[in-house]
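Here is the structure we will look at, set down as structure tokens.
Protein chains in written order, with my numbering: chain X, 145 to 688; chain H, 441 to 740.
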């Protein structure tokens with residue numbers, strides 16, 4: 145037992161290291177939230193204003209502490225914390241050949257920009273391949289985040305066709321369809337019947353009629369733009385966003401010039417503001433107020449100067465967001481997009497998207513795994529509860545079946561879990577729900593090592609060996625078998641790590657490390673404690 | 441000391457005929473089940489599609505929800521009741537809704553308009569696009585092949601030829617019986633289930649190693665002994681350890697299967713069955729095959 149003191153020292157040292165590396169996790173998820181709760185409670189019942197201020201600053205400090213701890217604590221997966229996991233794919237179909245290669249980089253830049261503005265804690269934005277981007281956002285309003293990320297955000301300023309031009313085109317189309325129908329008066333072919341009058345000059349189409357209407361428009365493209373007409377005089381029908389009008393859901397119809405006067409690239413800034421105009425329907429709603437850069441301001445001034453009385457449409461991703469009448473020449477390069485919403489969220493999100501610039505190509509969701517916060521919490525509870533119940537049952541079993549040695553084995557397995565979590569924390573690995581299952585499985589499979597040893601010891605005792613010899617033989621014979629027995633499981637776990645998706649990687653990591661560490665705890669730790677106990681106490685018969 | 445398995449002397453090898461029959465029945469049942477059900481119940485990880493777990497504060501009829509979804513133009517949706525009237529699981533196929541639009545966002549929008557006093561929350565949402573679905577299929581297959589290959593390499597090092605081959609056969613046996621279990625109980629095959637299968641493949645070899653080690657030890661010790669007696673002795677000697685190991689692992693997987701959250705439950709169910717079949721095959725299949733092999737082609 146020469147090395148007894150060194151061994152003891154080493155083991156205690158390792159235990160302290162493990163506890164130290166896990167302390168931040170304990171603070172972040174346990175002690176700090178408790179302090180926060182009690183502080184908040186005190187805040188509610190605070191006496192003086194000074195007290196309130198003091199408490200608030202303490203709470204702010206705790207927030208900052210949490211941010212610092214996040215770097216050193218165990219990282220919880222999205223399936224436990226709640227949040228969004230997206231793999232976005234870039235639609236390269238409409239791109240020019242040269243642009244294809246760095247489109248994912250540019251898209252990633254822009255998406256990162258938008259997410260930064262949205263203000264999410266610890267987002268992950270990563271380029272996966274030439275056309276795929278990974279986005280992971282913990283604890284976020286998923287609908288808003290998705291719309292911010294996914295919006296192409298192509299902004300265009302285009303002139304709306306004059307009233308008489310619009311009326312003429314509509315009539316021509318109607319004539320065409322009437323000719324086509326040749327006397328058949330069903331609604332199908334009565335083009336003008338789809339239009340709903342809004343106010344004096346505008347029209348809209350009912351949501352339900354849109355598919356048919358749009359198909360009809362496609363049919364008459366050459367009527368809208370006769371081939372003889374030059375490019376710069378061509379027009380296009382576009383719609384406004386869905387809105388409520390007299391109890392129906394409609395979209396307004398606009399005839400726009402195809403020429404783009406200004407684009408989003410020319411915008412210097414986009415700010416959220418209260419509507420301060422004359423339209424009574426829009427009081428108390430929020431708008432995005434745009435400011436163009438210097439070049440564009442000049443262009444804008446000349447366009448507005450030349451087209452007083454006409455309407456200038458602001459088109460976002462093919463939808464006409466607003467089409468105000470140009471009352472006068474606008475030298476300030478300012479314009480606004482109304483949202484018609486008393487909730488500032490839409491305006492904020494729009495501003496974010498305009499500020500970050502438009503995506504080089506549309507992106508769509510190729511894969512999504514999102515968990516709401518309710519379910520996330522539920523998953524944590526279930527995960528911890530089931531792992532704990534399982535662990536306790538196994539521990540009790542070992543205790544009953546192997547008595548004193550069962551107790552030693554139980555300690556070994558607890559240290560096994562402790563060390564595994566410590567390594568996870570120091571590697572900044574992510575603990576997922578399957579990861580918890582992996583830890584539970586480590587417990588179930590890990591005790592096997594001790595079972596192997598103890599059964600061997602029992603056998604040696606039955607064959608009449610002395611207590612000391614039985615123990616030595618038991619441990620010695622078993623080591624090789626234990627390594628063997630766990631290696632195949634470790635091999636398959638390693639394969640799972642390389643080929644598995646996120647949560648399964650978590651399982652593979654906890655199982656692999658759990659079993660590797662088990663080699664140490666089940667053999668050396670257990671033997672060490674067993675030897676220690678034997679030197680202290682004399683046993684007539686071994687409590688195993 | 442407590443001993444669950446006292447000095448037993450069960451004639452495993454003598455009764456091996458029954459084991460062969462049992463295994464054959466199970467595997468056969470699996471094949472029939474696969475044929476009748478046309479393959480396995482693959483989850484969206486492999487087929488692609490969208491699954492939404494949606495929860496309402498007040499009761500809503502399944503038919504109403506279904507009606508709304510059909511109104512969105514989606515034909516092949518399945519709406520399952522999770523919590524009668526309050527929680528539902530909606531599943532749509534990969535091409536049921538146009539790419540680039542969000543089915544869940546649109547669904548929420550429409551539900552908000554139709555039932556303004558019953559605003560639902562989407563608890564969980566998973567979408568797998570067709571391209572990624574295919575990639576996951578491919579990667580899973582590769583993972584299984586490499587996993588098996590890794591095990592085979594290890595087995596060829598560790599065992600002698602006959603035991604090695606028998607271990608591999610028992611491994612295949614376990615894979616087939618587990619697939620039978622998955623097919624019979626209609627377990628949705630998603631990535632966690634495949635992970636369970638892979639883990640079982642690794643775990644199944646463990647017990648085989650312990651048995652074969654003991655056989656080799658006994659061959660050295662009892663040179664004169666009849667092979668059948670020797671095999672039986674070896675199995676009976678390790679029986680205690682083998683059953684106990686399965687019990688502790690089974691405790692964990694059964695608890696997980698009962699109390700765990702959705703994905704973990706399926707994983708744990710497959711693992712539980714895999715542990716049982718893995719133990720059974722290590723006790724029986726390995727030695728039975730080695731014995732019959734020895735009978736047909738004696739060498740030692």
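Every residue, glycine too, gets a C-beta built ideally from N, C-alpha and C. Note that this is a predicted model, so its numbers are computed, not measured.
Backbone CA spacing between residue i and residue j [nearest angstrom]
i, j, result
"residue 512 of chain X", "residue 703 of chain H", "16 Å"
"residue 553 of chain H", "residue 638 of chain X", "49 Å"
"residue 203 of chain X", "residue 172 of chain X", "14 Å"
"residue 559 of chain H", "residue 662 of chain X", "49 Å"
"residue 235 of chain X", "residue 298 of chain X", "15 Å"
"residue 363 of chain X", "residue 310 of chain X", "17 Å"
"residue 547 of chain X", "residue 553 of chain X", "10 Å"
"residue 476 of chain X", "residue 444 of chain X", "9 Å"
"residue 368 of chain X", "residue 452 of chain X", "24 Å"
"residue 593 of chain X", "residue 669 of chain X", "12 Å"
"residue 503 of chain H", "residue 549 of chain H", "18 Å"
"residue 252 of chain X", "residue 529 of chain X", "39 Å"
"residue 196 of chain X", "residue 178 of chain X", "19 Å"
"residue 174 of chain X", "residue 573 of chain X", "20 Å"
"residue 600 of chain H", "residue 642 of chain X", "30 Å"
"residue 618 of chain H", "residue 544 of chain H", "35 Å"
"residue 661 of chain H", "residue 604 of chain X", "15 Å"
"residue 422 of chain X", "residue 468 of chain X", "12 Å"
"residue 655 of chain H", "residue 692 of chain H", "30 Å"
"residue 578 of chain H", "residue 657 of chain X", "27 Å"
"residue 348 of chain X", "residue 634 of chain H", "53 Å"
"residue 472 of chain H", "residue 621 of chain H", "12 Å"
"residue 504 of chain X", "residue 250 of chain X", "7 Å"
N- and C-terminal bounds of the beta strand (DSSP E) containing residue i
i, result
"residue 381 of chain X", "379-383"
"residue 280 of chain X", "276-282"
"residue 555 of chain X", "Residue 555 of chain X -> not in any beta strand (DSSP E); alpha helix (DSSP H) instead, spanning 517-570."
"residue 607 of chain X", "First-last for residue 607 of chain X: undefined, no H or E at that position."
"residue 543 of chain H", "Premise fails: residue 543 of chain H lies in the alpha helix (DSSP H), 543-554, not in any beta strand (DSSP E)."
"residue 388 of chain X", "387-389"
"residue 734 of chain H", "It is not in any beta strand (DSSP E) - residue 734 of chain H instead sits in the alpha helix (DSSP H) that spans 726-736."
"residue 301 of chain X", "299-303"
"residue 682 of chain X", "Per DSSP, residue 682 of chain X belongs to no beta strand (DSSP E) and is neither H nor E."
"residue 480 of chain X", "478-482"
"residue 696 of chain X", "Because chain X here runs from 145 to 688, residue 696 of chain X falls outside it and cannot be looked at."
"residue 341 of chain X", "339-342"
Same chain only: Cβ atoms within 8 Å of residue i, ignoring 5 sequence neighbours per side
i, result
"residue 350 of chain X", "338, 340, 392, 393, 394"
"residue 523 of chain X", "223, 224, 515, 577"
"residue 176 of chain X", "206, 209, 210, 213"
"residue 483 of chain X", "429, 430, 431, 432, 490, 491, 494"
Integer-rounded CB distance, given that residue j should sit under 8 Å from residue i
i, j, result
"residue 411 of chain X", "residue 491 of chain X", "15 Å between Cβ atoms; not a contact."
"residue 582 of chain X", "residue 672 of chain X", "Incorrect: roughly 26 Å between the Cβ atoms, too far for contact."
"residue 642 of chain H", "residue 635 of chain X", "6 Å"
"residue 674 of chain X", "residue 587 of chain X", "Contact doesn't hold; Cβ gap of about 20 Å is too wide."
"residue 386 of chain X", "residue 398 of chain X", "The Cβ separation is near 15 Å, so there is no contact."
"residue 516 of chain H", "residue 536 of chain H", "6 Å"
"residue 652 of chain H", "residue 611 of chain H", "Residue 652 of chain H to residue 611 of chain H, Cβ: 13 Å. No contact."
"residue 496 of chain X", "residue 258 of chain X", "5 Å"
Close Cβ partners of residue i (< 7 Å) along its chain, the five nearest in sequence each way excluded
i, result
"residue 648 of chain X", "578, 640"
"residue 183 of chain X", "199, 202, 203"
Span of the alpha helix (DSSP H) around residue i
i, result
"residue 598 of chain H", "570-598"
"residue 347 of chain X", "Here residue 347 of chain X belongs to no alpha helix (DSSP H); instead the beta strand (DSSP E) covers 346-350."
"residue 527 of chain H", "First-last for residue 527 of chain H: 527-532, but that is the beta strand (DSSP E), not the alpha helix (DSSP H)."
"residue 358 of chain X", "354-363"
Own chain residues within Cβ distance below 6 Å of residue i, not counting five before or after
i, result
"residue 686 of chain H", "715, 719"
"residue 481 of chain X", "432, 458, 465, 466"
"residue 373 of chain X", "none"
- Proximal residues, the stretch 635-654 of chain X versus chain H, C-beta separation under 9 Å: 635, 636, 637, 638, 639, 640, 642, 643, 644, 645, 647, 648, 651, 652
- Message: For the stretch 656-681 of chain H, list every residue whose C-beta sits within 7 Å of some C-beta in chain X, in sequence order.
- Response: 680, 681
- Please list the residues of the stretch 620-644 of chain H that have a C-beta atom closer than 7 Å to any C-beta atom in chain X, keeping them in chain order. Here the close residues are 631, 632, 635, 638, 639, 641, 642, 643.
- Message: Beta carbons nearer than 7 Å to chain H: which residues of the stretch 497-517 of chain X have them?
- Response: 506, 508, 509, 510, 511, 512, 513, 514, 515, 516
- Short-range partners of chain H found in the stretch 566-582 of chain X, where Cβ spacing is below 7 Å: 577, 578, 581
- Near-chain H residues of the stretch 228-249 of chain X (beta-carbon distance less than 8 Å), N- to C-terminal order: 231, 233, 235
- Task: Below 7 Å between beta carbons is the criterion; list the residues of the stretch 622-635 of chain X that meet it against any residue of chain H, in chain order.
- Result: 625, 628, 629, 631, 632, 633, 635
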